[in-house]
């Protein structure tokens, strides 16, 4: 089963980041690299990425063959996605165990969501 | 090996297997005087076998493609059984057992496995190399399984083949039709195992179960990818030849072999497949078989299926009461709401049935199942 570990960013997490020392910030970054490597070695990693600042986002809609890209409702957004890990493991427990190793989980919290798949018996 | 023969993948596999052999043989016979030469000799021999089996596999596939008949019998039967047992080593995690079996016994490339399992090729590669490492580590500590361990090891092999089949079968709805290949591969490998162990009732049962389940494939999904429940399938689309073969296999093994969960599941599938129309289904027999299965291999799906069968025999009220009793043991299984919806619909309580179907749709991880449950709810609106 695939699970997405979602790392959300909000005012609290940004405030917390401000309190960290340079060394702590470096350890935090290395923690992500180390975890990615560990997931890859264990054969559970599908993909992981960190996302650029939401000010760089474009909100896209398509109507009648026209594409409209705007800066979007950035100002009102209180929480945004900062990064994710997509893993494939046997159970939710295993996904939670991996999520606990995410540096952000050790500072604040991360979200673990199961991914929908195409499986299904005709029951 | 790579320097001498130039092809990295085959040489690598050959060396890995030589190391595996070494880990086992040296423990029994002691380390040879020239361990490196021994390894190279064994690896070179394995490389030729690998190339031969790759070629044999290609020839078999071409033959199957041309004639759509059974693949020709494989010659190195004992080799492939040993390899299958190694790939399904208990020290290896189930996903890695699946990947390694498909690679080493099935002969699929890492890219093919990745496409079939919907994971990156790199992940497959890592699972395989980790699995080989685990087997090496375990092999260095343990001897080759003695006869009294063989039964337990074979049960893991059956489980892995079952997993491969399900990967292909349950996921073959919607846009992932290429995963059908996994079911075909599982049937091919199980058929091969059955040929080697014709007296193992559970291997026979597993092969029969796969054939009897796969026979319904043409009817289980509509043209637009929606899942069709068993009761609504167009039975004339079912594969009669597969059903006949499955029924013959399970009938034979139930007469001669000790009974087990795969044979019981195959027997249930056979009862369904032998009913010309849904209303002809022999539910009392299915109910009895689920009762036995609950003793051999209890689990939430067995309990739920038994309750569905009970509703057909004794009516929805009895089944709803049984479901309420079983609720705690089912521990919030996501299919509970779907079954309750089905029973409530049978009982004529449309509004409550609709709520249960919608609840079930929220709880499932399967897109086709979600679609199906929402359509059932929609019909009751």
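Protein chains in written order, with this note's numbering: chain A, 72 to 194; chain B, 147 to 527.
Ideal Cβ placement from N, Cα and C applies to all residues, glycine included.
None of the values given here were measured: they were computed from a predicted structure.
Listed by chain order, chain B residues near residue i by CB distance under 7 angstroms
i: residue 178(A); result: The contacting residues do not exist; residue 178(A) stays about 28 angstroms from chain B at best.
i: residue 135(A); result: None at all; the shortest Cβ gap to chain B is about 26 angstroms.
Closest residue to residue i among the options (Cα-Cα distance)
i: residue 380(B); options: 366(B), 392(B), 459(B) and 393(B); result: 366(B)
i: residue 419(B); options: 383(B), 401(B), 247(B) and 438(B); result: 383(B)
i: residue 228(B); options: 343(B), 260(B) and 401(B); result: 343(B)
i: residue 355(B); options: 476(B), 374(B) and 393(B); result: 393(B)
i: residue 357(B); options: 432(B), 306(B), 337(B) and 368(B); result: 337(B)
i: residue 459(B); options: 486(B), 431(B) and 293(B); result: 431(B)
i: residue 114(A); options: 159(A), 89(A), 152(A) and 80(A); result: 159(A)
i: residue 388(B); options: 400(B), 359(B), 370(B) and 397(B); result: 359(B)
i: residue 377(B); options: 404(B), 409(B) and 422(B); result: 422(B)
i: residue 249(B); options: 407(B), 230(B) and 239(B); result: 230(B)
i: residue 124(A); options: 166(A), 93(A) and 85(A); result: 85(A)
i: residue 232(B); options: 285(B), 405(B) and 522(B); result: 285(B)
i: residue 489(B); options: 518(B), 451(B) and 477(B); result: 451(B)
i: residue 120(B); options: 345(B), 262(B), 304(B) and 346(B); result: Because chain B is modelled from 147 through 527, residue 120(B) falls outside the range shown and cannot be assessed.
i: residue 161(A); options: 234(B), 240(B) and 235(B); result: 240(B)
i: residue 481(B); options: 426(B), 463(B), 503(B) and 439(B); result: 503(B)
i: residue 314(B); options: 425(B), 346(B) and 263(B); result: 263(B)
i: residue 425(B); options: 411(B), 455(B), 401(B) and 410(B); result: 455(B)
i: residue 258(B); options: 462(B), 292(B) and 331(B); result: 331(B)
i: residue 390(B); options: 513(B), 521(B), 362(B) and 375(B); result: 362(B)
i: residue 462(B); options: 507(B), 493(B) and 329(B); result: 493(B)
i: residue 81(A); options: 149(A), 165(A) and 173(A); result: 149(A)
i: residue 72(A); options: 157(A), 95(A) and 140(A); result: 157(A)
i: residue 346(B); options: 409(B), 373(B), 372(B) and 255(B); result: 409(B)
i: residue 411(B); options: 401(B), 443(B) and 429(B); result: 443(B)
Chain-ordered chain B contacts of residue i [CB-CB under 8 angstroms]
i: residue 117(A); result: 265, 266 and 269
Distance between beta carbons of residue j and residue i, contact taken as under 8 angstroms
i: residue 110(A); j: residue 169(A); result: 7 angstroms
i: residue 270(B); j: residue 260(B); result: 5 angstroms
i: residue 245(B); j: residue 274(B); result: 5 angstroms
i: residue 351(B); j: residue 399(B); result: 6 angstroms
i: residue 413(B); j: residue 435(B); result: 5 angstroms
i: residue 178(A); j: residue 87(A); result: 6 angstroms
i: residue 181(A); j: residue 175(A); result: 5 angstroms
i: residue 487(B); j: residue 499(B); result: 5 angstroms
i: residue 353(B); j: residue 300(B); result: At roughly 14 angstroms, the Cβ-Cβ gap does not stay under 8 angstroms, so residue 353(B) and residue 300(B) are not in contact.
i: residue 468(B); j: residue 453(B); result: 5 angstroms
i: residue 265(B); j: residue 235(B); result: Going by Cβ atoms, the distance from residue 265(B) to residue 235(B) rounds to 21 angstroms, so no, they are not a contact pair.
i: residue 121(A); j: residue 154(A); result: 4 angstroms
Amino acids of chain A, ordered along the chain, whose beta-carbon sits closer than 7 angstroms to that of residue i
i: residue 272(B); result: 111, 112 and 114
Chain D residues whose Cβ lies nearer than 9 angstroms to that of residue i
i: residue 462(B); result: Considering every chain present, this structure includes no chain D. Its protein chains are A and B.
Amino acids of chain B, ordered along the chain, whose beta-carbon sits closer than 9 angstroms to that of residue i
i: residue 159(A); result: 241, 263, 264, 265 and 269
i: residue 185(A); result: 511
Contact list for residue i against chain A, beta-carbon separation under 9 angstroms
i: residue 276(B); result: 112, 113 and 114
i: residue 368(B); result: By Cβ distance, chain A contributes nothing, its closest Cβ being about 11 angstroms from residue 368(B), past 9 angstroms.
Contact test: residue i Cβ vs the ligand PLP heavy atom, cutoff 7 angstroms
i: residue 398(B); result: Of the ligands one can find in the structure shown there are none, so the ligand PLP has no counterpart to examine.
In chain order, which continuous runs of the alpha helix (DSSP H) of length 4 or greater are located wholly inside the region 370–415 of chain B? The DSSP assignment places 386–402 as complete runs of the alpha helix (DSSP H) inside the region 370–415 of chain B, in order along the chain (cut-off: 4 residues).
At a CB distance below 7 angstroms, what residues from the region 484–512 of chain B approach chain A? Give them in sequence order. Taken in chain order, the members of the region 484–512 of chain B whose beta-carbon sits within less than 7 angstroms of a beta-carbon on chain A are 511 and 512.
Residues of the region 75–104 of chain A in Cβ contact with chain B at a cutoff of 9 angstroms, in chain order, please. Taking 9 angstroms as the Cβ-Cβ cut-off against chain B, none of the residues of the region 75–104 of chain A qualify.
So if I threshold CB-CB distances at 9 angstroms, which residues from the region 423–437 of chain B count as touching chain A? Hits within the stretch: zero.
Let me know the alpha helix (DSSP H) ranges lying completely inside the region 429–480 of chain B, each 4 residues or longer, listed in chain order. Runs of the alpha helix (DSSP H) lying entirely within the region 429–480 of chain B, each at least 4 residues long, are 429–442, 446–460 and 462–476 in chain order.
Every unbroken alpha helix (DSSP H) inside the region 286–365 of chain B [4 residues or more]: Considered as a whole, the region 286–365 of chain B harbours 293–316, 326–342 and 347–360 as its complete alpha helix (DSSP H) runs of no fewer than 4 residues, in chain order.
If we require 4 or more residues per run, which alpha helix (DSSP H) segments fall completely within the region 119–150 of chain A? The qualifying runs do not exist here; there are none.
Restricting to runs no shorter than 4 residues, where is the alpha helix (DSSP H) found entirely within the region 232–289 of chain B? Runs found: 240–246, 256–263 and 267–287.
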